[in-house]
DNA sequence: TAAAATTCAGAATATAATTCTATCTCGATT
DNA sequence: AATCGAGATAGAATTATATTCTGAATTTTA
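Chains as they are written, first to last, in our numbering: chain A, 1 to 157; chain B, 1 to 157.
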């Protein structure tokens with residue numbers, strides 16, 4: 001892991017603020033908003049992509065529309081060596097697993113899982129999690145209702 | 001809450017699969033990929049937006065690039081009346097709070113919070129969470145390292 | 001202070017989005 | 001089986017946008 005300098009200025013922040021809420025905004029509109037030339041914006045956006053400030057552009061899809069109605073968080077206790085994350089990497093390969101976090105205390109992971117329903121969750125736990133070596137125990141928390149779910153960051157300036 | 005029919009077919013699923021990984025893909029490229037006319041794709045995308053299948057287009061920004069290096073999950077026990085979510089709604093208004101989930105058991109919430117560092121987290125808990133009426137207790141879990149963090153869903157067919 | 005690198009505007013060009021219309025498909029009805 | 005109508009699509013024409021290029025201005029570096 002190498003130290004990276006991002007060196008962002010006000011204009012970059014403004015672009016990021018616009019794009020994180022509307023990734024399909026066009027160059028011309030950003031340019032108008034910031035009173036700059038489209039070509040200048042284009043260059044900056046490309047640089048933000050190159051420098052890995054912008055990681056990806058996602059369409060946020062309504063889970064209910066494709067019948068993925070159940071959201072759960074599962075704490076997973078594992079016998080991973082600290083630093084190495086064998087179990088974590090295996091968990092990350094599961095498509096239904098949206099997030100895998102290595103958490104402090106309890107030598108464990110917290111994962112976020114989306115399935116159609118509780119039956120599908122049980123299947124996944126039995127057939128997929130159950131096959132991963134090194135998992136000692138799991139504790140599952142079911143989400144009844146989601147009040148907010150966004151990935152927007154608080155951008156400076 | 002009204003029952004909604006989404007009525008998606010194979011072509012819609014393919015479009016969604018392309019767009020959830022690359023929201024800035026253009027019409028022409030989707031059309032080429034699916035061997036269809038751009039106009040047909042355009043209509044479908046617009047309908048997917050209208051029907052709230054596609055909820056938003058986001059740029060995923062590298063938290064490190066804007067100095068938001070600490071991720072935490074906090075369990076919050078609240079004295080909310082079931083169904084009503086006064087505390088949940090207040091939590092959702094906090095910009096650093098990316099997610100608010102009403103969870104089963106323990107009459108509580110699970111929230112996901114991003115701050116610059118642990119100092120900023122403590123500040124937020126004291127100054128912002130501390131001011132919310134109805135919070136009985138909190139339990140904080142710090143993320144040491146994130147192995148995976150995506151919002152991609154498993155799309156059928 | 002000079003040279004190099006970066007940033008940006010504005011024009012020219014290439015590419016893509018959008019609109020429109022004719023055609024096609026498919027299910028319902030008679 | 002024939003007719004009708006709604007919805008979906010292709011393809012052409014038009015409009016809008018992205019991209020490239022150049023030169024000038026500014027900032028950084030040596």
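Note that the Cβ used here is the ideal one computed from N, Cα and C, for glycine as well. A quick note: this is a predicted structure, and the numbers were derived from the prediction, not measured.
For residue i, which residues from the same chain have a beta carbon less than 7 Å from its beta carbon, with the 5 sequence-adjacent residues on both sides left out?
i	result
residue 9 of chain A	none
residue 75 of chain B	108, 110, 138, 139
residue 68 of chain B	114, 115, 116
residue 31 of chain B	37, 38, 41
residue 105 of chain B	none
residue 63 of chain A	69, 114
residue 85 of chain B	102
residue 33 of chain A	18
residue 193 of chain A	Chain A is shown only over 1 to 157; residue 193 of chain A falls outside these bounds and no answer can be derived.
residue 100 of chain A	88, 91, 92, 109, 111
Suppose the cutoff is 6 Å on Cβ atoms and the five residues either side in sequence are ignored; what does the same chain contact list for residue i look like?
i	result
residue 152 of chain B	20
residue 58 of chain B	none
residue 71 of chain B	114, 143
residue 23 of chain A	57
residue 17 of chain A	155
residue 25 of chain B	18
residue 157 of chain A	10, 13
residue 54 of chain B	48
residue 128 of chain B	94
With a 10 Å radius around its C-beta and 16 neighbouring C-beta atoms as the bar for buried, classify residue i as buried or exposed.
i	result
residue 114 of chain A	buried
residue 117 of chain B	exposed
residue 2 of chain A	Any reading at residue 2 of chain A must be qualified, since the residue scores a pLDDT of 48, below 50, and its modelled position is unreliable; the value itself is stated next. By the 10 Å Cβ count, residue 2 of chain A comes out exposed.
residue 80 of chain A	buried
residue 136 of chain B	exposed
residue 66 of chain B	buried
residue 60 of chain B	buried
residue 5 of chain A	exposed
residue 122 of chain A	exposed
residue 93 of chain B	exposed
residue 82 of chain B	exposed
residue 28 of chain B	exposed
Using a Cβ-Cβ distance cut-off of 7 Å, determine whether residue i contacts chain A.
i	result
residue 19 of chain B	yes
residue 58 of chain B	yes
residue 53 of chain B	yes
residue 83 of chain B	no
residue 66 of chain B	yes
residue 146 of chain B	yes
residue 88 of chain B	yes
residue 142 of chain B	yes
Can you check whether the C-beta of residue i is within less than 7 Å of a C-beta belonging to chain B?
i	result
residue 132 of chain A	no
residue 11 of chain A	no
residue 50 of chain A	no
residue 149 of chain A	yes
residue 138 of chain A	no
residue 102 of chain A	yes
residue 126 of chain A	no
residue 22 of chain A	yes
residue 40 of chain A	no
residue 113 of chain A	no
residue 129 of chain A	no
residue 155 of chain A	yes
residue 16 of chain A	yes
residue 61 of chain A	yes
residue 33 of chain A	no
residue 92 of chain A	yes
residue 5 of chain A	no
residue 96 of chain A	yes
residue 43 of chain A	no
residue 1 of chain A	Confidence at residue 1 of chain A is low in this model, with a pLDDT of 44, below 50, so its placement is unreliable and no value can be given for it.
With a threshold of 8 Å on Cβ separation, who are the neighbours of residue i within its own chain once the five nearest residues in sequence on each side are excluded?
i	result
residue 97 of chain A	91, 111, 112, 113
residue 132 of chain A	87, 90, 91
residue 141 of chain B	72, 73, 74, 75
residue 15 of chain B	30, 34, 41, 44, 45, 48
Using 6 Å as the cut-off, classify the Cβ of residue i as near or not near the heavy atoms of the ligand PLP, replying yes or no.
i	result
residue 127 of chain B	Among the components modelled here there is no ligand, and therefore nothing to report on the ligand PLP.
Let me know the alpha helix (DSSP H) ranges lying completely inside the region 60 to 114 of chain B, each 4 residues or longer, listed in chain order.
86 to 92
Does the region 10 to 20 of chain B come close enough to the region 38 to 53 of chain B to have 3 or more Cβ pairs within less than 8 Å?
yes
Which whole runs of the alpha helix (DSSP H) in the region 8 to 36 of chain A are 4 residues long or more, in chain order?
10 to 21, 27 to 34
Which whole runs of the alpha helix (DSSP H) in the region 110 to 157 of chain B are 4 residues long or more, in chain order?
118 to 127
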